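Q:
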Amino acid sequence: MKRLIVDVRPGEYAVTRLAADAPVPAGLLDLTGVLVSVTRTPAELSIIAPASFAVDGDATEKGWRLLTVRGPLEFTLTGIMAALAGELAAAGVSLFALSTYDTDHLLVKQTDLGRAVKALRAAGHELVVAPEA
């Protein structure tokens, strides 16, 4: 696996589960400068957004921090998410993963962020930690 540059983004994120037929919360897609993900399946609507954006859902889990692999990444690249997930698993860090057209994103619990950064650096990746606003 080649050395990756991974940005640790500022701020806390929340993962929320809504009913499958729930509408996308008003204003959510107007957020800029942050990651927002909306995924609908037959069983649920999942929202990932900054914790400061209140989403009233069936279940919400706050306290996530966002790590973003610098991209864009070519679609022909293989094993990036598997390598990062494996390195974090070996360090006992659970994650919530998602990919976009350009790159891969990992969310780790705030309480695990230090171990995650240490594990990824030990594996040879460059971690760039953004200062908190």
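Numbering (the UniProt record's numbering), first residue to last: 1 to 133. A virtual CB, placed ideally from N, CA and C, is assigned to each residue, including glycine. Remember, predicted model here, so these are calculated numbers, not experimental data.
Apply the 10 Å Cβ neighbour rule to Ala122 and answer buried if 16 or more other Cβ atoms are within range, or exposed otherwise.
A: Ala122 should be labelled exposed.
Q: I need the DSSP call for Ala14, collapsed to helix, strand or coil.
A: Correct three-state label for Ala14: strand.
Q: Leaving out five residues on either side along the sequence, give the residues of the same chain with a beta carbon under 8 angstroms from the beta carbon of Leu113.
A: Taken in chain order, the residues that qualify are Val8 and Arg65.
Q: Whole angstroms are fine: how far does the CA of Asp104 sit from the CA of Met81?
A: Rounded to the nearest angstrom, the two C-alpha atoms are 7 angstroms apart.
Q: Suppose only complete runs of 3+ residues qualify. What are the beta strand (DSSP E) ranges in the UniProt domain "CASTOR ACT" (60-121), listed by chain order?
A: Qualifying beta strand (DSSP E) stretches, in chain order: 96-99 and 104-109.
Q: Could you give the residue range of the beta strand (DSSP E) that holds Val6?
A: Taken as a continuous stretch (DSSP letters only), the beta strand (DSSP E) holding Val6 covers Ile5 to Val8.
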